[in-house]
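The block underneath contains the structure these notes are about, expressed in structure tokens.
Numbering (my numbering), first residue to last: 3 to 417.
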């Protein structure tokens, strides 16, 4: 690794010296990052750790975010001037890095779609003894289990969730599942009677602290981004269930059919009443390229649809993006469509504001969450609306949903 990094530093020095273009290209092509790196994004009140993996390939050096069991492809390393640029996959964000003399990387993590959102980043090669969070003494408790959780915001609002945790030694993994989605793949460490968990998916930064109260209870805090803060309390509960996600979003009274017209990525109007959707079971998802739960749902739907008869089943994604700019929205949505090889139409429906999204779909009582999946039968009557998405980070919960989804679509096809 030391030799590889020395090559990279040498190539950057040569690129900005008086070497010829052919010499520069030869040096740059021979230098690459590789292996696991322990990375941190430094926020005002905490530092969020995660792992990056660099993998040389014929297309360039690929970069993955590593959290628990997930290895999430971000993008390739690009060189601009004396900086290394890593785009954050489907998200409108990036890492701007510079190699340091001590072999580390330093720079900034920036969200391009959020004004002023840019925070210090640092990374070093991960050694065998490194853990995501330092552990100075052994765990004295085991947090493994299923818990009923109540989150409380500083403004007094609250909501319930389920914590699914698994501990092996000091290693703790799992997720928090809410009525509208999950916090995806969390990884951390237990030290004594307390734990820390974190995850980074290329856009969102989630950080949890937990403190043991007794064998059935713990309390803690949840942070996201630079300033969002909630407290929570958790009680061991194997039976607690969240509200049924199939009941949260309703049609307006008197509505039964569903229809819309929005432009596709080429600007051509597409309607649910178009001949290509006639006599098909159609799934309509309310999508956003900025939304990590949408990313998980898109990955599933794209793969699942390949197993279906295109003469019988169709999927349509209605994209609600951060900016009211058609060209910007198309650029962002194309990244998701291409990344997940989603062979179904994406339509530009509007902005990501939930109230504005509801105005674009007046048949719905409200837009509560992204994603929201609307199941239509062959007559395009709404048969079910599933709010939110519990992705693969939830384990058995995700598996159960995929089975229910597939069985329900088969029922509609058999009618």
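Idealized CB from N, CA, C, for every residue including glycine.
These numbers were taken from a predicted model, which means no experiment stands behind them.
Could you check if residue 139 is buried or exposed, using at least 16 other CB atoms within 10 Å of its CB as the buried criterion? Residue 139 comes out exposed.
Starting from the C-beta of residue 235, find all residues in its chain whose C-beta is less than 6 Å away, skip the five residues before and the five after it, and write them out in chain order. Non-local C-beta neighbours of residue 235 in its own chain, meaning closer than 6 Å and more than five positions away in sequence, comprise 152, 221, ordered along the chain.
Return helix, strand or coil for residue 399, following the three-state DSSP convention. If DSSP states are grouped into helix, strand and coil, residue 399 belongs with the helices.
Start-to-end residues for the alpha helix (DSSP H) that takes in residue 329: 328–341 is the span of the alpha helix (DSSP H), which, as asked, contains residue 329.
Counting only the same chain and skipping the five closest in sequence on each side, list residues whose C-beta sits under 8 Å from that of residue 27. Annotation note: pLDDT 38 at residue 27 (below 50); position unreliable, no value reported.
Going by the DSSP bridge assignment, what does residue 223 pair with across the sheet? Residue 223 is bridged to 211, 233.
Identify every run of the alpha helix (DSSP H) within the stretch 61–142, keeping only runs that are complete inside it and at least 4 residues long; order them along the chain. Counting only runs that start and end inside the stretch 61–142, there is no alpha helix (DSSP H) element of at least 4 residues.
Restricting to Cα atoms, I'd like to know which of 297, 269, 384 is closest to residue 90. For the residues 297, 269, 384, the minimum Cα distance to residue 90 belongs to 297.
Would you mind working out which of 157, 238, 170 sits nearest residue 230, comparing C-alpha positions? Residue 157 is the option with its Cα nearest to residue 230.
Beta-carbon separation (whole angstroms), residue 125 vs residue 54, contact threshold 8 Å: Right, their Cβ atoms sit about 6 Å apart.
Can you list, in chain order, the stretches of the beta strand (DSSP E) that have 3 or more residues and sit fully within the stretch 161–190? 173–180, all fully within the stretch 161–190.
What are the boundary residues of the beta strand (DSSP E) that includes residue 302? First-last for residue 302: 294–307, but that is the alpha helix (DSSP H), not the beta strand (DSSP E).
Under a three-way DSSP split, which group does residue 42 fall into? Three-state result, residue 42: strand.
Residues of its chain near residue 292, where Cβ-Cβ distance is below 6 Å and the 5 sequence neighbours each way are ignored: Same-chain partners within the cutoff: 324.
Taking the C-alpha atoms as reference points, what is the distance between residue 228 and residue 244? Straight-line spacing of the CA atoms in residue 228 and residue 244 works out to 29 Å.
So, for residue 113: in the same chain, excluding its five sequence neighbours on each side, which residues have a beta-carbon less than 6 Å away from its beta-carbon? For residue 113, where only same-chain residues beyond five positions count, the Cβ hits under 6 Å are 95, 119.
Starting from residue 371, trace the beta strand (DSSP E) both ways and give me its first and last residue. Note, residue 371: premise wrong, no beta strand (DSSP E); not H, not E.
I'd like the list of long-range same chain contacts for residue 334, defined as Cβ closer than 7 Å, with 5 residues on each side in sequence excluded. Residues of the same chain with a CB within less than 7 Å of the CB of residue 334, apart from the 5 flanking positions on each side, are 94, 291, 323 in chain order.
Could you give the residue range of the beta strand (DSSP E) that holds residue 386? First-last of the beta strand (DSSP E) with residue 386: 384–389.
Name the residue from 246, 315, 191 whose alpha carbon lies nearest to the alpha carbon of residue 345. Closest in alpha carbon position to residue 345, among 246, 315, 191, is 315.
Along the chain, where does the alpha helix (DSSP H) that runs through residue 359 open and close? Per DSSP, residue 359 belongs to the alpha helix (DSSP H) from 356–362.
Going by DSSP in three states, residue 12 sits in which element: helix, strand or coil? Caution is warranted here: a pLDDT of 38 is assigned to residue 12, below 50, making its placement in the model unreliable, and the coordinate value is therefore given only provisionally. The answer is helix: DSSP assigns residue 12 an H, G or I state.
For residue 319, which of 100, 186, 233, 264 has the nearest alpha-carbon? Among 100, 186, 233, 264, the Cα nearest to that of residue 319 belongs to 264.
Let me know if residue 212 comes out buried or exposed under the rule of 16 or more other beta-carbons within 10 Å of its beta-carbon. That one is buried.
Would you kindly report the start and end of the unbroken beta strand (DSSP E) that includes residue 265? Its beta strand (DSSP E) spans residues 263–265.
For residue 295, is the classification buried or exposed, using 16 other Cβ atoms within 10 angstroms of its Cβ as the cut-off for buried? Residue 295 should be labelled buried.
Are there 16 or more other CB atoms within 10 angstroms of the CB of residue 308, so buried, or fewer, so exposed? Around the CB of residue 308, fewer than 16 other CB atoms lie within 10 Å, so the residue is classed as exposed.
Can we say the stretch 165–183 touches the stretch 34–48, given the rule of at least three CB pairs closer than 8 Å? With a cut-off of 8 Å, the stretch 34–48 and the stretch 165–183 do not count as touching, because too few Cβ pairs lie within range.
Taking the DSSP output, what are the residues bridged to residue 58? In the DSSP output, where bridge partners are listed per residue, residue 58 has 63.
Keeping to the same chain, check which residues put their C-beta closer than 8 Å to that of residue 364; ignore five residues upstream and five downstream. Within the same chain, residue 364 has close Cβ partners 254.
Should the stretch 348–357 be regarded as contacting the stretch 377–397, the criterion being three or more beta carbon pairs within less than 8 Å? Of all C-beta pairs linking the stretch 348–357 to the stretch 377–397, fewer than three are shorter than 8 Å, placing the two stretches out of contact.
Have a look at 66, 92, 88, 56 and flag the residue whose alpha-carbon is nearest the alpha-carbon of residue 337. Check the Cα spacing between residue 337 and each of 66, 92, 88, 56: the tightest is with 92.
Within 10 Å of its beta-carbon, does residue 80 have 16 or more other beta-carbons around it, so buried, or fewer, so exposed? Exposed, since its Cβ has fewer than 16 Cβ neighbours within 10 Å.
How many whole angstroms separate the CB atoms of residue 373 and residue 299, which I take to be in contact at a CB cut-off of 8 Å? Confirmed, about 5 Å.
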